[in-house]
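Asker:
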Amino acid sequence: MTTKIKETATHKPTCNGIVKGRPGKGRVLSLEQRKRCYASHPMTEENTFRYKGRAWCKKCRAASRRRSVVKRLAEAKALAAAKAKEDRKALKEATAKATDKPKPRKAKRATTGAKKAA
1 MTTKIKETAT HKPTCNGIVK GRPGKGRVLS LEQRKRCYAS HPMTEENTFR
51 YKGRAWCKKC RAASRRRSVV KRLAEAKALA AAKAKEDRKA LKEATAKATD
101 KPKPRKAKRA TTGAKKAA
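Anchor point for the sequence shown: position 113 equals 113 in the UniProt record's numbering, and the numbering is continuous, going up by one each time.
In structure tokens:
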């Protein structure tokens with residue numbers, strides 16, 4: 001990709017007619033401005049996924065997307081587990097009300113005093 005660097009009337013450098021800015025600010029940058037991505041991988045034409053203001057190489061972007069997918073899955077799993085727990089509790093309460101029996105109490109253990117008397 002060839003870029004033509006010129007200046008605007010206000011003496012700001014432009015890249016193909018677009019005013020250059022800092023990386024990550026949504027402005028088109030030339031490869032000369034971005035030698036390395038955020039993770040210090042060298043930026044080449046082959047591994048750069050898009051010529052925008054984001055300095056991510058293909059490897060970093062793929063890893064970032066994987067991380068966000070894993071995070072979303074974990075959140076969904078936690079929500080499902082909480083809902084299942086609530087459902088089990090509600091079912092247990094409903095069955096307890098339906099049977100309407102008091103819970104059986106545990107038999108009390110013999111005290112040591114009773115053993116000594118015997």
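All residues carry an ideal CB built from backbone N, CA and C; glycine is no exception.
1. Tell me which residue opens and which closes the alpha helix (DSSP H) that S68 is part of.
2. Excluding the 5 residues flanking R109 on each side, which residues of the same chain have their C-beta closer than 8 Å to its C-beta?
3. So, for E93: in the same chain, excluding its five sequence neighbours on each side, which residues have a beta-carbon less than 6 Å away from its beta-carbon?
4. Out of K71, P42, V69, state which residue places its alpha-carbon closest to the alpha-carbon of K58.
5. Helix, strand or coil for R105, going by three-state DSSP, please let me know.
6. Here's a check: name, in chain order, each residue in its chain whose Cβ is nearer than 6 Å to the Cβ of C37, leaving out the five neighbours to either side.
Answerer: The short version:
1. As a position in the sequence shown, residue 68 is number 68, starting the count at 1. Per DSSP, S68 belongs to the alpha helix (DSSP H) from 58-99.
2. The sequence position of residue 109 within the sequence shown is 109, counting from 1. So the list is empty, once near-sequence residues are dropped.
3. Reading the sequence shown from its first residue, position 93 is the one you call residue 93. Listed in chain order, the non-local C-beta contacts of E93 below 6 Å within the same chain number zero, local neighbours out to five positions each way being set aside.
4. Within the sequence shown, the letter at position 58 stands for residue 58. Among K71, P42, V69, the Cα nearest to that of K58 belongs to P42.
5. In the sequence shown, residue 105 corresponds to position 105, counting from 1. Per DSSP, reduced to three states, the secondary structure at R105 is coil, with no helix or strand assignment.
6. Residue 37 sits at position 37 when you count from the first residue of the sequence shown. Closer than 6 Å at Cβ, skipping near neighbours: M43, A55, W56, C57, C60.
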